[in-house]
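Have a look at the structure below, then the notes.
In full-length UniProt numbering, the protein residues as written are 1 to 221.
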């Protein structure tokens with residue numbers, strides 16, 4: 001299912017949750033999204049850019065965040081790597097990535113793969129998305145047409161599973177940390193990221209894990 005040209009970023013993200021309304025309330029307050037009803041649940045926007053679709057899981061789907069990459073010839077191309085990290089390849093241009101306008105509050109601003117099978121995962125994602133991979137001290141950097149687009153993190157897992165970790169932009173990391181707890185979420189980790197600077201790894205009210213950063217100049221910092 002590899003596209004003819006390199007995938008240049010995300011079309012959007014998906015949050016798959018047993019309680020979409022509660023998840024939407026949490027993230028709308030935290031990330032400032034404009035939320036609209038859709039046939040499958042909710043569509044969440046920052047300005048004219050679609051940031052996330054929030055819905056209940058279909059049969060066999062695991063709850064949590066899922067990336068939707070742009071660049072497919074048809075929708076609903078589900079990708080599962082050897083470590084069982086899952087993403088989707090969809091039609092349309094990338095709305096979030098190194099060629100898109102700079103990330104605003106509530107938008108994805110970086111993505112990282114956590115896997116316990118680095119070698120096979122590198123091969124899968126670079127072959128499938130027409131990327132290149134270069135080893136780094138903290139894992140690996142994936143590039144599309146010479147521009148960094150994602151990374152493989154040194155951490156093998158997000159909580160109890162392998163998968164993609166999506167970073168979202170906030171105006172103030174201090175205020176975001178307060179809001180996460182006020183809204184019923186959990187602060188999992190605070191760390192200094194080599195690209196996007198100081199970050200918070202959080203879990204929302206349903207346990208879905210994402211990351212926040214206040215550094216917004218470009219995709220990936």
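Ideal Cβ placement from N, Cα and C applies to all residues, glycine included. All figures in this text were calculated on a predicted structure; none of them were measured in a lab.
Start-to-end residues for the beta strand (DSSP E) that takes in residue i
| i | result |
| --- | --- |
| residue 50 | 49 to 55 |
| residue 223 | As shown, the chain starts at 1 and ends at 221. That puts residue 223 outside it, with no answer to give. |
| residue 219 | Premise fails: residue 219 is in no beta strand (DSSP E) and is neither H nor E. |
| residue 158 | Segment: none, residue 158 is in no beta strand (DSSP E) and carries neither H nor E. |
| residue 43 | 41 to 46 |
For residue j and residue i, the rounded distance between their alpha carbons
| i | j | result |
| --- | --- | --- |
| residue 187 | residue 47 | 27 Å |
| residue 8 | residue 56 | 28 Å |
| residue 166 | residue 156 | 15 Å |
| residue 132 | residue 115 | 17 Å |
| residue 101 | residue 51 | 13 Å |
| residue 215 | residue 38 | 31 Å |
| residue 20 | residue 207 | 12 Å |
| residue 210 | residue 61 | 18 Å |
| residue 213 | residue 25 | 20 Å |
| residue 127 | residue 182 | 42 Å |
Residue i, DSSP secondary structure in three states
| i | result |
| --- | --- |
| residue 20 | helix |
| residue 122 | helix |
| residue 29 | helix |
| residue 81 | coil |
Continuous alpha helix (DSSP H) stretch holding residue i: start and end
| i | result |
| --- | --- |
| residue 175 | 173 to 182 |
Closest Cα partner of residue i within the set the options
| i | options | result |
| --- | --- | --- |
| residue 11 | 40, 53, 23 | 53 |
| residue 96 | 201, 184, 198, 169 | 169 |
| residue 180 | 27, 73, 35, 15 | 27 |
| residue 130 | 144, 137, 40 | 144 |
| residue 68 | 117, 90, 197, 177 | 90 |
| residue 173 | 202, 184, 163 | 202 |
| residue 164 | 66, 141, 134, 6 | 66 |
Minimum Cβ-Cβ distance from residue i to chain C less than 7 Å
| i | result |
| --- | --- |
| residue 148 | This model lacks chain C altogether; it includes just one protein chain. |
**Report entry** Touch test, the region 96 to 106 against the region 30 to 44, Cβ-Cβ under 8 Å, three pairs minimum
**Finding:** With the cut-off at 8 Å, the region 96 to 106 and the region 30 to 44 touch.
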